[in-house]
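*Asks:* End of the sequence shown sits at 187 in UniProt numbering; the numbers just go up one at a time, nothing left out.
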Amino acid sequence: MSSLKAVDLVSHQCWRENGTMGTKADTPAALYALRSTHKTWTDREANKAWQASWTAETRGRTSYRYTPRPTKKTLQLHEGLSKRQSSILVQMRTEKIGLKDFLFNRRVPDVTDADCQCREGRQTLSHILLRCRRFRQLRRQELGAIPGRHNLRVVLNERKTAVKAIRFMEQTEILGQFRIESPPRQS
């Protein structure tokens, strides 16, 4: 037997006889032998962190109000929509849309007040889509018999009603950047 092997054998026997094992590393909280398992854990932890941040964030609360917990259903609202329609939907759901209330609060030149032309309130998405008397007939025509049509959250979270709301906003022609060829309809 070589001298190195003999020394190694003796050192192992001493360790066993002595009963001491030396310092041990701390046991890890979890062991991940596979890359896929580690990726799953990483994704889960990232998702937890994102959800905590989504709930605690102070900005973007309008989106949170419509979608307290984003899911794939939120993305499905946009399926089959043109870019223009998808853009209108995003603007409606964030309420960052070219209506007088938003423009006035952003101090856009030539926007002197936030009032709607009907003089019954500020020109907000909620006012135009649910209450403005100028568009009563159009509202009845486009949103008429849908359930929950008096609740903005319901209207903007269901695909069928969201598409009708988009069509309604297009036909009011209030949003200058999305003008369509037909004249505006009023009651």
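Note that CB positions come from ideal geometry on N, CA and C, so glycine has one too.
Do you know offhand how far Glu173's Cα is from Thr42's?
*Replies:* Mapped onto the sequence shown, residue 173 falls at position 173. Mapped onto the sequence shown, residue 42 falls at position 42. Computed Cα separation, rounded: 47 Å.
*Asks:* Is Lys5 helix, strand or coil by DSSP?
*Replies:* The residue labelled residue 5 in the question sits at position 5 within the sequence shown. Three-state result, Lys5: helix.
*Asks:* Please state whether the Cβ-Cβ distance between Arg140 and Phe168 is less than 8 Å.
*Replies:* For the purposes of this step, residue 140 is taken as residue 140 along the sequence shown, with counting starting at 1. For the purposes of this step, residue 168 is taken as residue 168 along the sequence shown, with counting starting at 1. Not closer than 8 Å, so no.
*Asks:* To the nearest angstrom, how far is it from the Cα of Pro70 to the Cα of Gly176?
*Replies:* Within the sequence shown, numbered from 1, the residue matching residue 70 stands at position 70. Within the sequence shown, numbered from 1, the residue matching residue 176 stands at position 176. Answer to the nearest angstrom: the Cα atoms are 30 Å apart.
*Asks:* Once DSSP output is grouped into helix, strand and coil, what is the label at Glu181?
*Replies:* Here residue 181 refers to the residue found at position 181 of the sequence shown. In this prediction, Glu181 has a pLDDT of 48, which is less than 50 and means its spatial position is unreliable; what the coordinates show is noted afterwards. Reduced to three states, the DSSP call for Glu181 is coil.
*Asks:* Going by DSSP, which residues form a beta bridge with Arg122?
*Replies:* Locating residue 122 in the sequence shown gives position 122, where the first residue counts as 1. Bridge partners of Arg122: Asp115.
*Asks:* For Lys96, which of helix, strand or coil comes out of DSSP?
*Replies:* Reading the sequence shown from its first residue, position 96 is the one you call residue 96. Coil, per DSSP.
*Asks:* Out of curiosity, what's the CA-to-CA distance linking Ile166 and Arg61?
*Replies:* Counting from 1 along the sequence shown, the entry for residue 166 is found at position 166. Counting from 1 along the sequence shown, the entry for residue 61 is found at position 61. Going by the C-alpha atoms only, they are around 21 Å apart.
*Asks:* Hey, quick one: how far does the alpha helix (DSSP H) through Glu142 stretch, first residue to last?
*Replies:* In the sequence shown, residue 142 corresponds to position 142, counting from 1. Its alpha helix (DSSP H) spans residues Arg136 to Leu143.
*Asks:* From Leu89 to Thr58, what distance separates their C-alpha atoms?
*Replies:* Here residue 89 is taken as the residue at index 89 of the sequence shown, counted from 1. Here residue 58 is taken as the residue at index 58 of the sequence shown, counted from 1. Each residue's alpha carbon lies about 22 Å from the other.
*Asks:* Pull up the distance between the alpha-carbon of Ala6 and that of Pro28, whole angstroms please.
*Replies:* Start at 1 with the first residue of the sequence shown, and residue 6 comes out as number 6. Start at 1 with the first residue of the sequence shown, and residue 28 comes out as number 28. C-alpha separation (whole angstroms): 35 Å.
*Asks:* Quick check: what's the CA-CA separation for Gln76 versus Ile97?
*Replies:* To locate residue 76, count along the sequence shown from 1; it is residue 76. To locate residue 97, count along the sequence shown from 1; it is residue 97. Roughly 21 Å separates the two Cα atoms.
*Asks:* What does the Cβ neighbour count give for Glu95, buried or exposed, with the cut at 16 atoms within 10 Å?
*Replies:* Start at 1 with the first residue of the sequence shown, and residue 95 comes out as number 95. So Glu95 ends up on the buried side.
*Asks:* Are the CB atoms of residue 191 and Ile146 nearer to each other than 8 Å?
*Replies:* Any question about residue 191 goes unanswered here, given that the chain covers just 1 to 187.
*Asks:* Helix, strand or coil: how does DSSP classify Asn151 here?
*Replies:* Stepping through the sequence shown from its first residue, residue 151 is reached at position 151. Three-state result, Asn151: coil.
*Asks:* Does Ile63 come out as helix, strand or coil in the three-state DSSP assignment?
*Replies:* For the purposes of this step, residue 63 is taken as the residue at position 63 of the sequence shown. The residue asked about is misnamed: residue 63 is Ser in this sequence, not Ile. DSSP places Ser63 in helix when its eight states are reduced to three.
*Asks:* Which same chain residues end up closer than 6 Å to Gly121 when comparing Cβ atoms and leaving out the 5 residues on each side of it in sequence?
*Replies:* Residue numbering aside, residue 121 sits at position 121 when the sequence shown is read from its first letter. Result list for Gly121: His127, in chain order.
*Asks:* Can you give me the C-alpha to C-alpha distance between Lys48 and Pro68, rounded to a whole angstrom?
*Replies:* Within the sequence shown, the letter at position 48 stands for residue 48. Within the sequence shown, the letter at position 68 stands for residue 68. Rounded to whole angstroms, Lys48 to Pro68 spans 15 Å at the Cα level.
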